[in-house]
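From first to last, the protein sequence lines are chains E and D.
Just so we're aligned, residue 435 is where the first sequence starts under this note's numbering, counting upward by one.
Just so we're aligned, residue 547 is where the second sequence starts under this note's numbering, counting upward by one.
Where a beta carbon is used, it is the ideal one built from N, C-alpha and C, also for glycine.
Worksheet for the structure shown next.
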Amino acid sequence: MPQVTLTVNGKQHTVEVENRTLLVEVLREKLALTGTHVGCDTSQCGACVVHVDGVSAKSCTMLAVQAAGTSVLTIEGLAAADGTLHPMQEMFREHHALQCGFCTPGMVMSAIDLVNNHPAGLTEQEIRDGLEGNLCRCTGYHNIVKAIAAAHPLMHAKA
Amino acid sequence: MGFEGIGASVRRKEDSRFLNGRGNYTDDINRPGQLHAYVKRSDRAHATIGGIDISAAAKAPGVVAVFTGADLAKEEIGGLPCGWQIHNKDGSPMAEPPHPVLAVGKVRHVGDPIAVVIAETKQQAKDAAELLSIGYTDLPAAASLAAALAPGAPTVHDEVAGNICYDWQIGDKAVVDGVFAGAHKVVRLDLMNNRLIPNAMEPRAAIGDYDVNSGEYTLYTTSQNPHVIRLLMGAFVLHIPENKLRVVAPDVGGGFGSKIYHYAEEAIVTWASAKVRRPVKWTAERTESFISDAHGRDHVSVAEMAVDAQGKFLGLRVSTQANMGAYLSTFAPCVPTYLYATLLAGCYTTPVIYCEVKAVFTNTVPVDAYRGAGRPEAAFLLERLVDAVALDTGIDRVELRRRNFIPVDAFPYQTPVALAYDSGDYQTTLRVALKNADWDGFEARRTAAKARGKLRGIGISTYLEACGIAPSAVAGSLGARAGLYEVANIRVHPTGSVTVFTGSHSHGQGHETTFAQLVVDQLGVPLDQIDVVHGDTAKIPFGMGTYGSRSLAVGGSAMVKAMDKIIAKGKKIAAHLMEASVEDIEFANNTFTVAGTDKSKTLTDISLAAYVPHNYPIEELEPGLDETAFYDPKNFTFPGGCHIGEVEIDPETGVVQVVNFTAVDDVGRVINPMIVEGQVQGGIAQGIGQALLEAAVYDENGQLMSGSMMDYTMPRADNLPNIHVATENTMCTHNPLGSKGCGEVGAIGSPPAVINAICDALKEYGVRHMNMPATSGKIWSIINAGPSKMAAE
């Protein structure tokens, strides 16, 4: 079986995988990082979104072997070591942008990538379009859109 | 610490774990030595099974066991039970054919489970399942209501002639027919309510874990009601007594009804874990969810309203066909009857109503309650019919509604369809919604849209719902096979912190916060010293779970009752400690005081005395401060309100954009306004999804054409508008909180508001009605055909 070495949330791991093993299976089953979720099998829902080398990726649609040598950030690695939430996490809480919590990890990781890619600002329509790859069945997105808009200035002020 | 009690938009206690990826969903749980199950499902809608050859699969790498229906039959494993019995017009009981856990002899829908392969890994189980050889002989399928009711239709269950599960009625047909015969005008509408697939974001999962030493089974499952699963699976399927069966429903990623029911996979993993003496885990792939989670809606109806010259509703006559799917899911029979026909008065004074419902078996996935359950079907029918009456009589649609509303001084109001409403103020929710939506300014917006080449329309829905189902005795008399109370255990710990154990279950509703706020309000304990525990039959005395917007109205009321007991006992202890008479003890703000004195004891003083009973009235009072209450509601609660949708249609493409959505709901007392707003927004998103995008589509062979998230259109962020939510509340008069329920109002009120808006936008095309979903293709075809002759004349 192939061996894959990758860095996850700053820590290096070497894992044995099958050729067909998905990145999300490594995260959930080998590394017990169960914050990354699987909500579909057609790459539609985005519950599995993580950052691979700083860019959002659907970890259900990436083979583990493709992730060899990369640095992966999952929802578990987002908050600071002292527990301080990332501004996106904080705004999701503040604006009630989550209900059942299942889509939340992927939604937060996608939202951060979206804000990172739009330093000059995001209109409401751009946020809605930018969430095209993530499904939420609980919130109707209203509060997610609000949370992302609120996180934008906080993230870019920090940078 | 700010205000944290009833009425505060406290940020949610549960969010921290979800935002950090530390939720604990069923698939996140792994038991030592765990095996993985893969369920082999039928890829045919209707076929007999001559035999199943498991030999190759059984020998495949990693495979530990393969089980089929024959293995379950040998051990007399029961079928999946149905929790509600409906009676036919002639008084005979409904047809209730068996629902085997694994198919025996015949499969009846695509997705019907046939065998389970258990292996060391999920992939090994799945690979081995490919090696199963199943001797299908195809039968013609009855894949729709029309196909199942056609003469000579294929019979889904051999013992159910004509595929009729039941033929039920409510109301006096002769009386209603008489009213119609003498009416000034009769307005008719033929409608269908589109079949939906719930698609909670977390796929279902289950882990069975049998303890060889104790003989105890534990089932971890994605359920909205773990005690109900324990009861149904233990008593009817696997014959395991309650003391040997623990059901845990940990964090659950959305339900919307689809996780109420007892599913085959729960029984399979529980039973199999004892067979193989190792834990067995199953997690649905989304493709499996589409063909194994209960679907929702799927009605075809004819609705007629008799009106007088002033537009007063004189009588309503409805005939509905409801698709049950291939088997009766747990609560399926009550959805198109007692959760539907009893809602047909809506918020109107219609004096006589008759409704008949034919429930029909088809070769499709079972259909059961999905967010709203019967009530969205009733609201869609009624609110569309009222708009049709407005069109046919020329009376303004708002004025027509006002003329027919149950007036605010008429409560309690007995409807002609069994329900008795306790409170409501429909004129107020209407008035505020019209104002919030700027109804009067709409024509200017329509004109402006026209200048931009867009067709703009506005639609209104003044809906009503009934939730918090009960009382138990009434539900029982109508066919329920369970009670419908709720249970709360309030434990005040020695040092004054509190744990609430509730039989309700939270899968997105924020109970850990809302319920804690009830304790803040009643016992004066700070929010951070309160924890809410749910979802585990080993921890919670009993419970009926969460569905039908019942958790606060019924479950919260049980908490109030349990806290009343805490306070009553606390007063006795306080009276002893302060050497006063119990009658003179008052409790407020976490403190017991002797009336008219400065003597006081905090709740912590009392709880400490209760657990360290050195100075304690031990002769009359047991130690401890821990009380349980069962609350059986006296009536349903009746939320209602007004939803206004505003749409713009691009005539070039037929694409509908909902540009404004305004809801003003009456949900009774609000505990956490932020959470209520979120619940209503989420419900409206699902309602807009039903109106514009979502449909479960079967072909004539019973293959699900919309069987993945690539084919079934889930609403995305860019399909939805901002949703403006407000409440105008009247209090429920029969529960101690005054709360009514907010989980389903959005999904009930919104679909007709959207479709009424689309019909308004397309009125120059002579569109009188449009079935859901109002897809761009459907609308483009209408626009492309040009303005109707009728409209042109």
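(request) Taking only beta carbons into account, state which residues of the segment 1259–1284 of chain D come closer than 7 Å to chain E, listed in chain order. (result) Answer set for the segment 1259–1284 of chain D: M1260, R1262, A1263, D1264, L1266, N1268, I1269.
(request) Scan the segment 787–804 of chain D for residues whose Cβ lies nearer than 9 Å to a Cβ of chain E and list them as they occur along the chain. (result) Within the segment 787–804 of chain D, the residues whose Cβ lies closer than 9 Å to some Cβ of chain E are D797, V798, G799, G800, G801, F802, listed in chain order.
(request) Could I get the ranges of all uninterrupted beta strand (DSSP E) runs contained in the segment 1051–1093 of chain D, with 3 residues as the minimum, in chain order? (result) As far as the segment 1051–1093 of chain D is concerned, its whole beta strand (DSSP E) runs of at least 3 residues are 1076–1079.
(request) Mind checking the segment 536–564 of chain E against chain D and listing, in chain order, the residues whose C-beta falls within less than 9 Å of any C-beta there? (result) If the cut-off is 9 Å between Cβ atoms, the segment 536–564 of chain E has F536, C537, T538, P539, V542, E558, Q559, I561, R562, D563, G564 near chain D.
(message) Does any residue of chain D have a CB that is nearer than 8 Å to the CB of C482 of chain E?
(response) By the rule that beta-carbons nearer than 8 Å mark a contact, C482 of chain E does not touch chain D.
(request) Report all residues from its chain with a CB closer than 6 Å to the CB of P553 of chain E; omit the five preceding and five following residues, and keep chain order. (result) The beta carbon of P553 of chain E sits closer than 6 Å to those of H590, all from its chain and outside the five residues before and after it, given in chain order.
(message) For chain E, check one thing: does any of its Cβ atoms lie closer than 8 Å to the Cβ of E748 of chain D?
(response) At a cut-off of 8 Å between beta carbons, E748 of chain D contacts chain E.
(message) Looking at the secondary structure, which residues open and close the beta strand (DSSP E) in which V442 of chain E lies?
(response) Bounds of the beta strand (DSSP E) holding V442 of chain E are 437–442.
(message) Tell me whether the segment 1020–1036 of chain D and the segment 618–631 of chain D touch, counting them as touching only if at least three CB pairs, one residue from each stretch, are closer than 8 Å.
(response) At 8 Å Cβ cutoff, the stretches touch.
(message) Which complete alpha helix (DSSP H) runs does the segment 548–584 of chain E hold, if anything under 4 residues is left out?
(response) Segments of the alpha helix (DSSP H) lying fully in the segment 548–584 of chain E: 558–564.
(request) Please report the Cβ distance between P825 of chain D and Q580 of chain D, rounded to the nearest whole angstrom; I am assuming they are in contact, meaning their Cβ atoms lie under 8 Å. (result) Sure, about 4 Å apart at Cβ, within 8 Å.
(request) Quick one: list the residues of chain D neighbouring D475 of chain E, beta-carbon separation under 7 Å, in chain order. (result) Correct list: E831, R832, T833.
(request) Tell me T1273 of chain D's beta-bridge partners as DSSP assigns them. (result) Answer is D:D1211, bridged to T1273 of chain D.
(request) Can you pull the chain E residues whose beta carbon is under 7 Å from the beta carbon of M1220 of chain D, in chain order? (result) For the C-beta of M1220 of chain D, the chain E residues within less than 7 Å are, from N- to C-terminus, H530.
(request) Could you tell me whether the Cβ atoms of E812 of chain D and I775 of chain D are closer together than 8 Å? (result) The answer is yes: Cβ separation under 8 Å.
(message) Does the CB of Y766 of chain D have a neighbour CB from chain E at under 8 Å?
(response) Using a CB distance cut-off of 8 Å, Y766 of chain D does not count as an interface residue toward chain E.
(message) Assuming the contact rule is C-beta atoms closer than 8 Å, L1073 of chain D and M1109 of chain D should be a hit. Round their C-beta distance to whole Å, please.
(response) Actually they are not in contact, since the Cβ atoms of L1073 of chain D and M1109 of chain D sit about 15 Å apart, beyond 8 Å.
(request) Show which residues of chain E have a CB atom less than 9 Å away from the CB atom of I1301 of chain D. (result) Listed along the chain, the chain E residues whose CB falls inside 9 Å of the CB of I1301 of chain D amount to none; the nearest CB is some 18 Å away.
(request) Can you give me the Cβ contacts of V1205 of chain D inside the same chain, cut-off strictly under 7 Å, excluding the 5 residues immediately before and after it? (result) The beta carbon of V1205 of chain D is closer than 7 Å to those of E1192, V1193, E1194, P1267 in its chain, skipping five residues each way along the sequence.
(request) Could you run through the segment 1226–1257 of chain D and flag, in chain order, every residue whose CB is less than 7 Å away from some CB of chain E? (result) The residues in question are Q1227, G1228, I1230, A1231, S1254, M1255, M1256.
(message) If we require 3 or more residues per run, which beta strand (DSSP E) segments fall completely within the segment 1104–1135 of chain D?
(response) DSSP runs (the beta strand (DSSP E)) wholly in the segment 1104–1135 of chain D: 1131–1134.
(request) Report yes or no: is there a C-beta of chain E within less than 8 Å of the C-beta of Y916 of chain D? (result) Closer than 8 Å to the CB of Y916 of chain D there is not a single CB belonging to chain E.
(request) Could you name the residues of the same chain whose beta carbon sits closer than 7 Å to that of Q478 of chain E, not counting the 5 residues immediately before and after it, in chain order? (result) So the list reads L569, once near-sequence residues are dropped.
(request) Measuring only between beta-carbons, confirm whether G1289 of chain D sits less than 8 Å from chain E. (result) No, G1289 of chain D lies away from the interface with chain E (no Cβ there is under 8 Å from its Cβ).
(message) Please report whether the beta-carbon of H592 of chain D lies at a distance below 8 Å from any beta-carbon of chain E.
(response) Not flagged as an interface residue toward chain E: H592 of chain D, since no C-beta distance is shorter than 8 Å.
(request) Classify A1320 of chain D as helix, strand or coil using the three-state DSSP reduction. (result) Looking at A1320 of chain D - three-state DSSP - the assignment turns out to be coil, as it is neither helix nor strand.
(request) List the whole-angstrom C-beta distance separating P1179 of chain D from V1100 of chain D, where the pair is believed to meet the contact cut-off of C-beta under 8 Å. (result) Right, the Cβ-Cβ distance comes to about 5 Å (below 8 Å), so this counts as a contact.
(message) Any beta carbon from chain A within less than 8 Å of T508 of chain E's own beta carbon?
(response) Here the protein chains are E and D, and chain A is not one of them.
(message) Can you tell me whether F549 of chain D is buried or exposed? The criterion is at least 16 other CB atoms within 10 Å of its CB, across all chains shown.
(response) Taking all protein chains shown into account, F549 of chain D has fewer than 16 neighbouring C-beta atoms within 10 Å of its C-beta and is therefore exposed.
(message) Run through chain E and tell me which residues come within less than 7 Å of N745 of chain D, C-beta to C-beta.
(response) What N745 of chain D touches in chain E: R571.
(message) Here's a check: name, in chain order, each residue in its chain whose Cβ is nearer than 8 Å to the Cβ of Q1063 of chain D, leaving out the five neighbours to either side.
(response) In the same chain as Q1063 of chain D, and ignoring 5 residues on each side of it, the C-beta atoms closer than 8 Å to its own belong to E550, G551, I552, A554, V556, L1073, I1217, N1218, in chain order.
(request) Quick one: which unbroken alpha helix (DSSP H) runs of 4-plus residues sit fully inside the segment 478–554 of chain E? Chain order, please. (result) Taking only runs of at least 4 residues, the alpha helix (DSSP H) segments lying wholly in the segment 478–554 of chain E are 521–528, 538–550.
(message) Does chain E have any CB closer than 8 Å to the CB of L565 of chain D?
(response) Contact with chain E is found for L565 of chain D, since one of that chain's Cβ atoms lies less than 8 Å from the residue's Cβ.
(message) Less than 8 Å between C-beta atoms, sequence neighbours within five positions excluded: which residues of the same chain meet that for A513 of chain E?
(response) Excluding sequence positions up to five before and after A513 of chain E, its CB lies within less than 8 Å of the CB of L519, H520, Q523, all in the same chain and listed in chain order.
(request) Look at the Cβ atom of L885 of chain D, then the Cβ atom of R921 of chain D, and state whether they are nearer than 8 Å. (result) Going by C-beta atoms, L885 of chain D is nearer than 8 Å to R921 of chain D.
(request) Give a yes or no on contact between the segment 854–874 of chain D and the segment 799–807 of chain D, applying the rule of three or more CB pairs nearer than 8 Å. (result) Between the segment 854–874 of chain D and the segment 799–807 of chain D there are fewer than three C-beta pairs closer than 8 Å, too few to call the two in contact.
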